[in-house]
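Report on the structure given below.
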């Protein structure tokens, strides 16, 4: 394990990974409380929140106390971090699901995550985890936000209602490069020709909203 | 029968749609009427009549999610889809689109109902306007020559009968108004600011008008109305008027309280569209200052016996989405506060209304024709009184 366990001033267990502390050395719970408070809208307005990075687990612990009805899915690329939190970290609420994923294949292998990604969800970063796992977490973020042609195609494919449309859009989405703007999508989707049904109507609505 | 009415425009448009909703309720008396409006307009919900349930369309949140790279790209789709699904669970017999835009037509294509009226689209994006009245709504207001509320009303039921904008006051609003005004009634309410700068006549003009009226109408009290974000702009003019001994209160309040205040007044003076329509629903006399993009022939005070003052500038009414094209706000400058004050004073004290010979602006009086359609009749320089206008045009009194 590349994790070194320490104790914060309050006595709470925390760890160092690659020399970086993943939670406050003074009061990890207070830090978690501030993180939840800052991101409260992401919990209040959504039933499902996907958190990128488990850290020492205090932020998701606090979020599950504050929002016990919310489903919180934590994506953590490092299995050691997950093991550490289970052994030494704070208890996680019943509706907190921690998943060890690094890429699209891992997402495809998790039926629960596939289902959640086919619904309304918010996405939050755990800043300290991003510091130590920037590449892996940024990739995951890009996939679940669907802001690039590849990730949008992926999100549409895992949604049973949209997968057929993803095939229709294959060619036009492939022509795009870099982050997608809604105008890009509206242009390449050419919904009138593609007969996309409900998805076409929704695309037209989105196009009207950003005109 | 279950009816879903869709009104996805601004607050004032929703208030104007209440006339058509009233007609729908008259046409289908046993129907259950639901209303879909932009979520930010849900502040109207407790004041609505003839509506059994209000639904919110999260327009701003959906727009934000589309533009924000920290939100899932598909969030907008899921939000729209989930709303349509919930609405479809209600199994509506009729969907009426009172919004003449593509957005609402495309949204309606996702809704299932036995019948759909207004601007509707199928899932392939093919648009249709379901009757001639809805087609007229799609034309330039000048070409139609009818009031928006009349057009909406005729579109849902073209029989000829009286229709009116309807809202009810709430206990919460009445209580808040009581806290501000005590038991006072019979005051003049002035809403000096509007959210559209082109429609602003100016705080100084409204202050001058208040002072003029205080001088000419004995024992007249005033209320200046504003929202919280307008408070700073109104405060100094209000304090200045108090120093001059003008009996004016500043009421900074929400919509429910504003409606309760207006209901207790004798006259509303404003250039603000939404507040004007609230006053119409409260059935209070209105003096409307129609400048900038205000097209009084299309959206004027939908009540008989109101007065509209408006500019003669050729550019008026301008396009509401474009900024003023002139070097100065001439349409506002044409309307002199002291002359408006003289006119209003005569109107209130002698029930006479005429255009001052020195005025560079036009004046109109609102009437309803025998066919119950709203019209604005030009008022000339020769003194006349309201009863004459009514008898000449065969109009119903308010």
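Protein chains in written order, with our numbering: chain V, 1137 to 1347; chain A, 256 to 653. Cβ atoms here follow ideal geometry from the backbone N, Cα and C, with glycine treated the same way.
With respect to the beta strand (DSSP E) encompassing residue 543 of chain A, which residues constitute its N-terminal and C-terminal limits?
Here residue 543 of chain A corresponds to residue number 288 of the second chain, with the count starting at 1. Counting along the chain, the beta strand (DSSP E) containing residue 543 of chain A begins and ends at 541-545.
Specify the secondary structure class of residue 392 of chain A as computed by DSSP and reduced to three states.
Locating residue 392 of chain A in the second chain gives position 137, where the first residue counts as 1. Three-state result, residue 392 of chain A: helix.
Tell me whether residue 486 of chain A sits in a helix, a strand or coil according to DSSP, three-state version.
Working through the second chain from its first residue, we reach residue 486 of chain A at position 231. Note: residue 486 of chain A maps to helix in three-state DSSP.
Measuring only between beta-carbons, confirm whether residue 407 of chain A sits less than 8 Å from chain V.
Within the second chain, numbered from 1, the residue matching residue 407 of chain A stands at position 152. Residue 407 of chain A does not count as touching chain V.
Could you please tell me which residues of the stretch 1223-1237 of chain V, in chain order, have their CB closer than 9 Å to any CB of chain A?
Correct list: empty, as no residue qualifies.
Go through its chain and collect everything with a Cβ distance to residue 521 of chain A's Cβ below 6 Å, but skip five positions before and after it.
Locating residue 521 of chain A in the second chain gives position 266, counting from the first residue. Once the five neighbours on either side are set aside, the close Cβ partners of residue 521 of chain A are 441.
Kindly indicate which three-state DSSP category residue 1260 of chain V falls into: helix, strand or coil?
Taking the first residue of the first chain as position 1, residue 1260 of chain V is located at position 124. Residue 1260 of chain V falls in the strand class under three-state DSSP.
Please state if the CB of residue 294 of chain A and the CB of residue 257 of chain A are separated by a distance shorter than 8 Å.
The count along the second chain starts at 1 and reaches residue 257 of chain A at position 2. The count along the second chain starts at 1 and reaches residue 294 of chain A at position 39. In this structure, residue 294 of chain A does not lie closer than 8 Å to residue 257 of chain A by Cβ.
Which same chain residues end up closer than 7 Å to residue 630 of chain A when comparing Cβ atoms and leaving out the 5 residues on each side of it in sequence?
Looking up residue 630 of chain A in the second chain gives position 375. Hits under 7 Å: 622 and 624.
Under 9 Å Cβ-Cβ, which residues of chain V neighbour residue 337 of chain A?
Translated into positions along the second chain, residue 337 of chain A becomes position 82. 1255 and 1256, listed in chain order.
Restricting to runs no shorter than 3 residues, where is the beta strand (DSSP E) found entirely within the stretch 438-496 of chain A?
Counting only runs of 3 or more, we get 443-446 and 477-481.
List the residues of chain A whose Cβ lies closer than 7 Å to the Cβ of residue 1350 of chain V, in chain order.
Residue 1350 of chain V is absent from the model: chain V starts at 1137 and stops at 1347.
Do residue 1281 of chain V and residue 1287 of chain V come within 8 Å of each other at the CB atom, strictly closer than that value?
The residue labelled residue 1287 of chain V in the question sits at position 151 within the first chain. The residue labelled residue 1281 of chain V in the question sits at position 145 within the first chain. Yes, they are a contact pair.
Answer yes or no: does any C-beta atom of chain A fall closer than 8 Å to that of residue 1338 of chain V?
Position 202 of the first chain, counted from the first residue, corresponds to residue 1338 of chain V. It does; some Cβ of chain A falls within 8 Å.
Which same chain residues end up closer than 8 Å to residue 1268 of chain V when comparing Cβ atoms and leaving out the 5 residues on each side of it in sequence?
Taking the first residue of the first chain as position 1, residue 1268 of chain V is located at position 132. Within the same chain, residue 1268 of chain V has close Cβ partners 1153, 1154, 1156 and 1158.
Using 8 Å for Cβ pairs, my map puts residue 600 of chain A next to residue 472 of chain A. What's the rounded Cβ distance?
Numbered from 1 along the second chain, position 345 holds the residue referred to as residue 600 of chain A. Numbered from 1 along the second chain, position 217 holds the residue referred to as residue 472 of chain A. Rounded, the Cβ-Cβ distance is 5 Å, consistent with contact.
Between the stretch 363-381 of chain A and the stretch 294-304 of chain A, do three or more beta carbon pairs fall short of 8 Å?
Touching, no.
Can you look up residue 365 of chain A in the DSSP assignment and give me helix, strand or coil?
Residue numbering aside, residue 365 of chain A sits at position 110 when the second chain is read from its first letter. Looking at residue 365 of chain A - three-state DSSP - the assignment turns out to be coil, as it is neither helix nor strand.
State the Cα-Cα distance for the pair residue 463 of chain A and residue 497 of chain A, rounded to the nearest angstrom.
The residue you call residue 463 of chain A lines up with position 208 of the second chain. The residue you call residue 497 of chain A lines up with position 242 of the second chain. Each residue's Cα considered, the two are about 13 Å apart.
With three or more C-beta pairs closer than 8 Å as the rule, is the stretch 257-272 of chain A touching the stretch 387-401 of chain A?
Verdict: no, contact absent.
Report all residues from its chain with a CB closer than 7 Å to the CB of residue 1151 of chain V; omit the five preceding and five following residues, and keep chain order.
Position 15 of the first chain, counted from the start, is the residue given in the question as residue 1151 of chain V. Only 1139, 1140, 1141, 1142, 1158, 1192 and 1220 meet the Cβ criterion.
Can you pull the chain V residues whose beta carbon is under 9 Å from the beta carbon of residue 314 of chain A, in chain order?
Residue 314 of chain A sits at position 59 when you count from the first residue of the second chain. Correct list: 1345.
DSSP on residue 1165 of chain V, reduced to helix/strand/coil?
As a position in the first chain, residue 1165 of chain V is number 29, starting the count at 1. Helix, per DSSP.
Tell me the rounded alpha-carbon separation between residue 577 of chain A and residue 320 of chain A.
Against the second chain, residue 577 of chain A aligns to sequence position 322. Against the second chain, residue 320 of chain A aligns to sequence position 65. Computed Cα separation, rounded: 26 Å.
If residue 349 of chain A sits next to residue 372 of chain A, beta carbons under 8 Å apart, how far is it from one beta carbon to the other, in whole angstroms?
Taking the first residue of the second chain as position 1, residue 349 of chain A is located at position 94. Taking the first residue of the second chain as position 1, residue 372 of chain A is located at position 117. Rounded, the Cβ-Cβ distance is 7 Å, consistent with contact.
Taking the continuous alpha helix (DSSP H) assigned at residue 597 of chain A, which residues delimit it?
Position 342 of the second chain, counting from 1, holds the residue named residue 597 of chain A. Its alpha helix (DSSP H) spans residues 592-605.
Leaving out five residues before and five after residue 1332 of chain V in sequence, what residues of the same chain have Cβ atoms less than 6 Å from its Cβ?
If you number the first chain from 1, residue 1332 of chain V lands on position 196. Counting only Cβ-Cβ distances below 6 Å, and skipping sequence neighbours, we find 1301.
For a quick check, are the C-beta atoms of residue 479 of chain A and residue 587 of chain A less than 8 Å apart?
As a working mapping, residue 479 of chain A is identified with position 224 in the second chain. As a working mapping, residue 587 of chain A is identified with position 332 in the second chain. Going by C-beta atoms, residue 479 of chain A is not nearer than 8 Å to residue 587 of chain A.
Distance, Cα to Cα, residue 405 of chain A vs residue 628 of chain A?
As a first step, residue 405 of chain A must be located in the second chain, where it is residue number 150. As a first step, residue 628 of chain A must be located in the second chain, where it is residue number 373. If I take the Cα positions, the gap works out to 6 Å.
Compare the Cα-Cα distances from residue 525 of chain A to each of A:484, A:618 and A:448 and report the closest residue.
In the second chain, the residue the question calls residue 525 of chain A occupies position 270. It is A:448.
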